[in-house]
Structure formats: structure tokens, C-alpha cells
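As you go down the protein sequences, you meet chains A and B in turn.
When the letters of the first sequence are read in order and numbered with my numbering, they come out as residues 1 to 415.
When the letters of the second sequence are read in order and numbered with my numbering, they come out as residues 1001 to 1287.
Just so it is clear, CB atoms sit at the ideal spot from N, CA and C, and this is done for glycine as well.
Here is the structure we will look at.
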Amino acid sequence: MFRNIGKLAVTGLVLATVAAPSASAQDKVKIGAIYPLSGNAASAGNSSKAAIELAVEIVNGNFPDLKDLPLATTEGLPNLKGAKIEVIFADNQGTPAAGQNQTLRLITEEKVHALLGAYQSGITVTASAMAERHGIPFLTPESVASDLTERGFKWFFRSTPVAADFARSYSELLREQKAAGRKIETIALVNENTEYGNSVSKVIKDVFIKDGIPITTQISYSANTTDVQPQVLQLKEKNPDVVLFISYTSDAILYAKTMKDLDWKPAIMIADNAGFNDPSFVRTSGALVEGLINRSAFAAGKPGSISAVINEMFKKKTGNDLDDPSARAMQGLLILADAINRAGSTEPAKIQEAMKATDLKAEQLVTGYKGVKFDEKGQNVLASSLITQMTGGKYVPVWPKESATAEIVLPYKGW
Amino acid sequence: MSNTLLQVIVSGLLLGAVYALFSSGLTLIWGMMNVVNFAHGEFVMLAMYVAFMVYTSLGLGPAASVPIAAMALAAVGMASYFLLVRHIMKGPMLAQILGTFGLSLFLRYSAFWWFGSDFRTLPDTLVGSPFQFAGLRLDAPRLLAGVVALFVTLGLHLILTRTSLGSRMLAVSEDATAAQLMGIRPERMQAAAWGLAAGATGIAGALIATFFYTSPTVGETLAIVAFVTVSLGGFGSVPGALVAGLLIGLVESVSAYKLGPVYKDVVVYSLFVLVLWCRPQGLMGKM
């Protein structure tokens, strides 16, 4: 008897969901987001999650302050009768296998219309392969490993700049300084020796050689080290004009401390994002690296600009300033939302078509890209980085001129 | 000799003294109990957080944090003995290894939960500024840690060889049943050994925190060095840990400077294997 009542209730529920359908299917667009919500990169993953949630609020609500941002002043997606976006988060646990399984779950059980993720390049590899097999559009807003876009995938897109882009920014900046009369003859490259440090340093070396400002010293080291004194002493002895660091957080902290202890600094010090952009680094060591040049795809611009307004909203929500990787994740969701709206449909093939036709201008973005336009490999050809400088314990944009809020101040001051 | 090389050697020796400092607790537990404490790195990590909390809540430096960390860690060490080690000692060898390994994971993830995954540092003016001496640049916190390392090693050595507590602990480690027949309570002595070893580790952690970063996973980074130092010096030998620590620090620094930082581990571990090949008991260990 009771069992029958149960059955009836279940049937009722099923009928109700089936009956509501076309209307309710229309007013929800499901996007799956695969991020490290536990494990080693959990703090970064959770920050990205908060940024993506903020992007969803912006698309689904009405924010007159952000009128240049697509979809901010309309509730939901207008071309889909005001359909709201719903993001379903999945934890990649920091492993490629979990990333793959979670992607499969999002596709087959949650029936998502598009995917976003997956922070670590190694996990994006497996997760996007799953999406490719099922024909679901996959956008990575942050993974930089260069081979991701070399796999001949048809459903894969990447909005973030890659190593070659940052290398060009550093090179342009240094050549500008050289033209202005600064001595730039010797350049040292100090990199940690895993996938990230090795691949990025290789690209930087190639670009610099082509541009006629060759690297004169290269020091590679293992990131999980207890001591960096010999490296700093080596630098002190060679005394290069420019030092470029490619480091994770713990080693970045040790370099900042040790350079002060051993009393050496170059005239220009550049850090390639990663460790030097970690909020932990800025908090613990910001005062030791005044004048450090860094890259970022995001910087809160002048008051009233999109980036400044969004930074305030993020700060209200989480208590932190919006950091670079989280801003890139947020931009990723906005790109997908724009494409789905233009597709006017949740059909994967139509979203894929619309992604290929994406053409966002610099002023329509949260991040500092020159725009968003994908090539046939799915790479955003207008992706670019801002150059920032540590000024009073905070990174401020100093280059290129049109997005700068302050003049670049050299030489490097340190502590 | 170039000035830079001299600086590299001095920095290496100071680093080595610090390695010796945080290895002495590990070697002591081995010497007293034949137990490898895989949670040793996490003991150092806890002591570093104690130093950090002493600074944030009381605004005090190592003069306060060293004794507080020593006492706090001695308590942690004894609690670990009574709640865990005492029981797993009765089990097979594998249970002992996995038991302290489990303790290390428990402590590490508790720190993640309690302190979060952020990196922290103490202000570098807490101990004093770096200064110039005979053309060398010396960092006050490292110098302090190096000097304390010598005293702690000497102190532990004296306790073990010159006091009745030391003799009783040694008696228990040599033959617990015989010692018990002589009226010594083995459990008490073993608990004292854990307290002493963890207390020394507490001193080490509080001092390391003055010039290193603190994070829940810092124990992992430091523990590897501690294990190498202890096996090179000879398991159970406190003076051996000092000699091995200085040797490793020196070799690491000079090879990183001369050959490049990626090769320093190759040199250190080649030396390690070579020494153990000739002297499996370590430099100063007994067979």
C-alpha cells in the first residue's frame, strides 16, 4: 500500500517535471564548471568559483553600472526569452582522473550545455578530451600549456593568453626602456624546473633572442627547496641589469627574503605571475619587493571602469580583491554566456558555431585582453597581459599606456 | 678564495647548523625507542605556527616563542606517545611506520583546516637586521638558529650521557625488561624521550619560523632533509646529526653555487649513498 503511494508520488513528480518542460527547459542554461575545490590548489579553485558565481549574478540580474559588459543590463539571456544561467560546479580534486570523471558526470547526468575549466593544464587535457568525445563546447579560461590547442579539437576554446604573449609583453617593455636610455645588456632568467617553469622559460628565451635582447644567465632550480642563498649569491656575483623570475609561492617568498638578507637587487626585476601573484605572497612579502614588475590579465582600473566596479563587487562578496586567475575564470563564463545568447539555443552545435563567431572588444571585458576572437585552433588571438608594478603593497597596471593607472617607476626599489 | 665563495661556505654552514637543529629530535627518538617518527616534519610545522601565534597575539619574538614552543611541543610529543605510539609499539614494524605516518597526515590536514592554506612569515626585524662582518654578510635570525643548534646538541648530549635521567633512558632503550627489573619504569622513560625530542624540535621550529615561511605543508619540505641528516649522521647519534647537518649544508651550498641549483641534490645524495656504502651505520652511529 505504502509502496504504491510512494510509486504514485514518484510518478507524479516525474510527470510534473516532464509536463513543465519546454518552458522550464528554455529558462535554464546549464554550464558545468570543473575546478580544484579540494586538494593543493583548493584556495585558487574556490576563489575562481566565487568569481564565476559573481559572473552568473551579473548575467542573470540587471546592473546598470556595467552597461558596457554584454548581458549585464538584461536579466538572463534575451535571445533565449530571458533564460537564466545555472552553473553546476564539480571538484577535480587536483587529479586528471577525477577531472575526467567529473566531466563525464556533468555531461551525461547533469546534461550541461557547455563546460568551463579546469584550472590545472594537466586536468584540462583530460576533461576537454571527454567534452570533445561527447561534442560539448569546452572553454578553458586559465590553462596555459601550449599543446592544449595543438590537438586538433573542434569543441575546445581558450581565452587566456599563453607564454608567447607574456614573453612579447616583457620584451616590448624592455626594448622601450632600452630605447629610453636604460642599460639593458645582461638579463638573467631564474626558473623553477617543472613543466611550468621549463616551458615558459623556453618560450621567453626564444622570443628574447629573436628580439635581440638575449638572456645572458639562466638558473633553474627546484621549487620545493629549503634554501636559495647560492642562487642569489650567483646573481649577486654576475650582477645582471634585469632578472626575470618564474617561480611558485614558497620559493618566491624565499627569494624576496634572501635578496634582502644578502643585500642585492637588479635595476629591473620582473616576475612571471604564479607565486609572485599569490595573495599570500603579496601579504607576506609585498613590502620586500617594491617596484617589482609582474604580469596580470586583470587589474582594477580607474574608478567607474568595469574592472573597478567588479573588483568592488567581488570584495563585498569574498573580502578579497579580485585576483588574476579568478578574473580570467569570470571572463570565461561571460564569454560562454555571450556565445549561448547569440546562438539563441542550447544546442551544442549552435553554441560551437557562436563561439567561433565570438568578437568581443576590449571595452566589453573584465580582463585586460585586447578582445576575444578565436582562431581555427580555438586560441583567443586577442588575448594579452597587462604589466603591473608593486606599488605600496599592491600591484597597479603600468603598461600598456591605455590601461595604465600609474607611471612605471624604475629602478627596482626592493625593501 | 673569492669573497663570494667564502660567503657561500659560511651561508652553507649556518644552513647546516639549522638542519642539525631540527634533526636532533628525530635521531633522539630513534636512539631511545627504535621508532622512526614520520610525523617529525609536522612537529616542526606546529612549532612554527606556535611562534607565529606568539607573535600575533603577544607581539613577542623568539625570546618568548622558543620556550613556549618547546613546552607546547613537549606536551604534543608526550601526548603522541601515550595516545598512539605506546599502542602501536606492540604491533608489527609496519604498524609502527604507518602509525606515525598517519599522525603526520592528521597533523598536516588539521593545520590546513585550522590555519588555512595561506603562507605566513614573521617580520624580518623580529630578531635583528643582517649585518656585515669581516666582509661577510650575516643574517641575524640564521646566526641565532646556528648558535642555538650547537647548544641544543650539546645539551641533549649531556642529558643523555651525564644525567641519571639519560642513563635510565639509555637503559630502557638497551633492554626494557632488564631496566624494569632494576626499578625503572620503561613507559615513563619512553614518554620522557618523546617529550625531550619533541621539545628540542619545538625550539628548532620556533627559530626556523623567524627566517622561513610557515604553511601546513612546510613539514614535508623539511622532513626529507631531517631524514637524510639523521641517517648520514647515524640513527640515534645526536653529535652525528650535528656533523651530518653541517656537512649537508656545506655540500649543498657549494655545489649549488658551483654546479647549479638543480644539481645540488645529485651531489648531496651521491655523497649520502657513498657514505652509507662505506659506513652503513652512518658517520657516528653504532652498529
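Paired residues, beta bridge with residue i - DSSP
i	result
residue 397/A	388/A
residue 91/A	35/A
residue 296/A	386/A
residue 84/A	28/A
residue 1120/B	1214/B
residue 115/A	32/A, 138/A
residue 380/A	374/A
residue 191/A	220/A, 246/A
residue 158/A	140/A, 379/A
residue 1131/B	1138/B
residue 355/A	Note: residue 355/A sits in no beta bridge, so no partner.
Supposed contact pair residue j and residue i - C-beta distance, whole angstroms, cut 8 Å
i	j	result
residue 338/A	residue 66/A	With 8 Å as the limit, residue 338/A and residue 66/A do not qualify as a contact, their Cβ atoms being about 14 Å apart.
residue 299/A	residue 397/A	4 Å
residue 34/A	residue 117/A	3 Å
residue 368/A	residue 403/A	5 Å
residue 387/A	residue 295/A	6 Å
residue 207/A	residue 168/A	6 Å
residue 63/A	residue 73/A	7 Å
residue 215/A	residue 184/A	Residue 215/A to residue 184/A, Cβ: 12 Å. No contact.
residue 1062/B	residue 1210/B	6 Å
residue 1197/B	residue 1041/B	Contact doesn't hold; Cβ gap of about 14 Å is too wide.
residue 1247/B	residue 1016/B	7 Å
residue 58/A	residue 69/A	7 Å
Buried/exposed call for residue i, threshold 16 Cβ in 10 Å
i	result
residue 1233/B	buried
residue 1182/B	exposed
residue 246/A	buried
residue 1093/B	exposed
residue 1224/B	exposed
residue 349/A	exposed
residue 113/A	buried
residue 1194/B	buried
residue 155/A	buried
residue 194/A	exposed
residue 147/A	exposed
residue 257/A	buried
residue 24/A	With a pLDDT of only 44 at residue 24/A, under 50, the local geometry of the prediction cannot be trusted, and the value read off the model is given with reservation. Answer is exposed; the Cβ neighbour count stays below 16.
residue 1113/B	exposed
residue 233/A	buried
residue 166/A	buried
residue 316/A	exposed
Proximity winner among the options, relative to residue i (alpha-carbon distances)
i	options	result
residue 1122/B	1038/B, 1213/B, 1004/B, 1247/B	1213/B
residue 162/A	304/A, 269/A, 307/A, 382/A	382/A
residue 1230/B	1186/B, 1191/B, 1280/B, 1262/B	1280/B
residue 354/A	363/A, 362/A, 344/A	344/A
residue 291/A	297/A, 283/A, 266/A, 278/A	266/A
residue 297/A	206/A, 358/A, 227/A, 332/A	332/A
residue 1164/B	1177/B, 1184/B, 1176/B, 1148/B	1184/B
residue 1059/B	1201/B, 1264/B, 1110/B, 1125/B	1125/B
residue 1039/B	1204/B, 1196/B, 1199/B, 1080/B	1080/B
residue 36/A	180/A, 44/A, 30/A	44/A
residue 1285/B	1013/B, 1238/B, 1206/B	1238/B
residue 365/A	308/A, 317/A, 275/A	308/A
residue 1049/B	1086/B, 1090/B, 1207/B, 1026/B	1207/B
residue 132/A	152/A, 357/A, 144/A, 111/A	152/A
residue 1036/B	1044/B, 1004/B, 1027/B	1027/B
residue 1250/B	1004/B, 1008/B, 1003/B	1008/B
residue 51/A	87/A, 81/A, 82/A	87/A
residue 423/A	1254/B, 1192/B, 1228/B, 1003/B	Residue 423/A is absent from the model: chain A starts at 1 and stops at 415.
residue 1228/B	1095/B, 1272/B, 1219/B	1272/B
residue 1130/B	77/A, 264/A, 361/A	264/A
residue 385/A	356/A, 142/A, 97/A	142/A
Legend entry - Residues, ordered as in the chain, of the stretch 175-203 of chain A that lie near chain B by beta-carbon distance below 8 Å: Contact residues of the stretch 175-203 of chain A toward chain B are 193 (C-beta to C-beta distance below 8 Å).
Inset, instruction - Determine which residues of the stretch 345-367 of chain A have a Cβ less than 9 Å from any Cβ of chain B, and write them out in chain order. - result: Residues: none.
Inset, instruction - Quick one: which residues of the stretch 219-246 of chain A get their C-beta closer than 9 Å to a C-beta of chain B? List them in chain order. - result: When CB distances to chain B are screened at a threshold of 9 Å, the residues of the stretch 219-246 of chain A falling below it are 219, 220, 221, 222, 224, 225, 226, 227, 228, 229, 230, 231, 233, 234, 236, 237, in chain order.
Legend entry - Residues within the stretch 1241-1272 of chain B neighbouring chain A, beta-carbon criterion of under 9 Å: Against chain A - using a Cβ distance shorter than 9 Å - the residues of the stretch 1241-1272 of chain B are 1249, 1252, 1253, 1254, 1255, 1256, 1257, 1258, 1260, 1261, 1262, 1264, 1265.
Legend entry - Interfacial residues, the stretch 1114-1143 of chain B to chain A, with Cβ spacing under 7 Å: The residues in question are 1117, 1118, 1119, 1120, 1121, 1124, 1130, 1137, 1139.
Legend entry - chain A contacts from the stretch 1199-1218 of chain B (Cβ-Cβ distance under 9 Å): Per Cβ criterion, the list reads 1211, 1212, 1213, 1215, 1217, 1218.
Legend entry - Against chain B: residues of the stretch 257-277 of chain A by CB proximity under 9 Å: Cβ contacts with chain B: 257, 258, 260, 261, 262, 263.
Inset, instruction - Could you list the residues in the stretch 1009-1023 of chain B with a C-beta less than 7 Å from some C-beta on chain A, going in chain order? - result: For chain A, the residues of the stretch 1009-1023 of chain B that bring a beta carbon within less than 7 Å of one of its beta carbons are 1011, 1015, in chain order.
Legend entry - Near-chain B residues of the stretch 86-109 of chain A - C-beta to any C-beta below 9 Å: Answer set for the stretch 86-109 of chain A: empty.
Inset, instruction - Would you list, in chain order, the members of the stretch 30-63 of chain A that have their beta-carbon closer than 7 Å to a beta-carbon of chain B? - result: Within the stretch 30-63 of chain A, contact with chain B at the beta-carbon level (separation under 7 Å) is assigned to 42, 43.
Inset, instruction - Could you name the residues of the stretch 320-336 of chain A whose beta carbon sits closer than 8 Å to any beta carbon of chain B, in the order they occur along the chain? - result: Answer in chain order: no residues at all.
Inset, instruction - Would you list, in chain order, the members of the stretch 1220-1241 of chain B that have their beta-carbon closer than 7 Å to a beta-carbon of chain A? - result: Result list: 1221, 1222, 1225.
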